[in-house]
Amino acid sequence: MALHAPTPAAVLISEWLLLSIAAVMILARLYLRLKINRQTLLLSDVFICLAWFSAAATSSVDIYLKYVGVLRQDEDAFLRGYAGDPNTLQSALLYFWAGNFAFFTAFWCSKTAILAFYLQIFPPAFRTYRIIIWIVIAYAASGYIVAMSLNLFLCWPLERNWATDQTACIAEIQINIAFRVGWALHFSSDVIIFVLPFLILRKLRMERLVRFGVYCTFGLGAINITFCLTRFLIVEITTDIDEKKVIPLTLLELWSNIDCNISVIIACMPALRPYLRLIHANRQSRSGMPISSGRTTSPHSPGIVAGPSSDTLESELVTYPSTWECEAPVIQSNAPGGPGAYENGINMISEEGWR
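Taking numbering that gives the first Met the number 0, the leading residue of the sequence shown gets 0, the next gets one more, and so forth.
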């Protein structure tokens, strides 16, 4: 199946457009954290910034390839059709190989940002859930180490990765091992990270609309999974080593960078939900609808109380019943007049991660 190879201009425009969108979202996230809520940066903020810089480094490689005339529609991913200066070819292969480190780092920093965000919103009282999250973190970290190790040690000595003679790394090894193993680890960890919050949240008691909002927020991960799977299928469809058919370089770069940059964007989005809540509160205020304040007395519809002198975004959002406080599974107490019937005395998911 032949797929049309995009022009170099289309590749560069698409990847830097997505990077610009991600940059705006990250700046909005940092503004929310530092200026509105007057908090210090959290670990998830640090990782999402690292993910963006890594993705930008990956896209910068394409600028260099375009500058030296290698990024062309008629060139394959191994640059086997390049007939220009051998030194330029060797330099392009070196940049292409080095860019893989930034490529993998962008993916796994995005994953780590999401997992760190999970740890923020699920308090220590949810001990079992947090242990599961840490197991997923360990799996994602292992996948990153394996992917980086394959890129570093699969073709040894290192010079084989950018060699242009018979010592060059064999294409079959790069496709069958480096690409497929790296993609499998990346895709599987994406699926686990996507499914994880649903396994946790389904056991919590929430109003229907609140649950719908939560699921939509975390469900954005399905977009990332879709692009990741599409990238893999395109490479498999357009590559047949036995017939010496390899995916065009521009097509590979387009989908690789789309997958990479979309992962950064999706990793940013859950922490931006307070902006939507602010918009909702402002609309209620302009429409004259009554907005309740304080915590409701019913344990089935808890509220969040903003500080009396708070000027953070939270004070704009939480003067009506909470949209993110959720009751933990109820444990019936047989002792008369005993303490509340909530697991470990905690009846909500931490609001800290959503501020």
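Note that beta-carbon positions come from the ideal geometry of N, C-alpha and C, so glycine has one too.
Could you pull out every unbroken alpha helix (DSSP H) segment of at least 4 residues lying fully inside the region 190 to 238, listed in chain order? Listed in chain order, the alpha helix (DSSP H) elements of length 4 or more contained wholly in the region 190 to 238 are 207 to 217 and 220 to 237.
Does the distance from the C-beta atom of THR104 to that of TYR143 stay below 9 angstroms? yes
Of the choices MET268, LEU275 and ARG282, whose alpha-carbon is the least far from that of TYR117? MET268
Inter-residue spacing [alpha-carbon to alpha-carbon] between SER53 and ALA101: 5 angstroms
Report the start-end ranges of each alpha helix (DSSP H) in the region 116 to 160 that is 4 residues or longer and not cut off at the edges. For the region 116 to 160, whole alpha helix (DSSP H) runs of length 4 or above, ordered along the chain, are 126 to 152.
Reducing DSSP to helix, strand and coil, say where LYS243 ends up. coil
Please classify ASP164: does DSSP put it in a helix, a strand, or coil? coil
Same chain, Cβ closer than 7 angstroms to ALA112, neighbours up to 5 away in sequence not counted: SER43, PHE46, ILE47, ALA50 and ALA266
What residue range does the alpha helix (DSSP H) around PRO273 cover? 272 to 286
Taking buried to mean at least 16 other C-beta atoms within 10 Å of its own C-beta, is ILE199 buried or exposed? buried
Cross-strand partners of ASP75 (DSSP beta bridge): According to DSSP, residue pairing for ASP75 in a beta bridge involves PRO247.
C-alpha distance - ILE233 paired with ILE20, whole-angstrom precision: 25 angstroms
Among ILE172, ALA91 and GLN165, which residue has its Cα nearest to the Cα of CYS154? ILE172
Tell me which residue opens and which closes the alpha helix (DSSP H) that LEU42 is part of. 42 to 66
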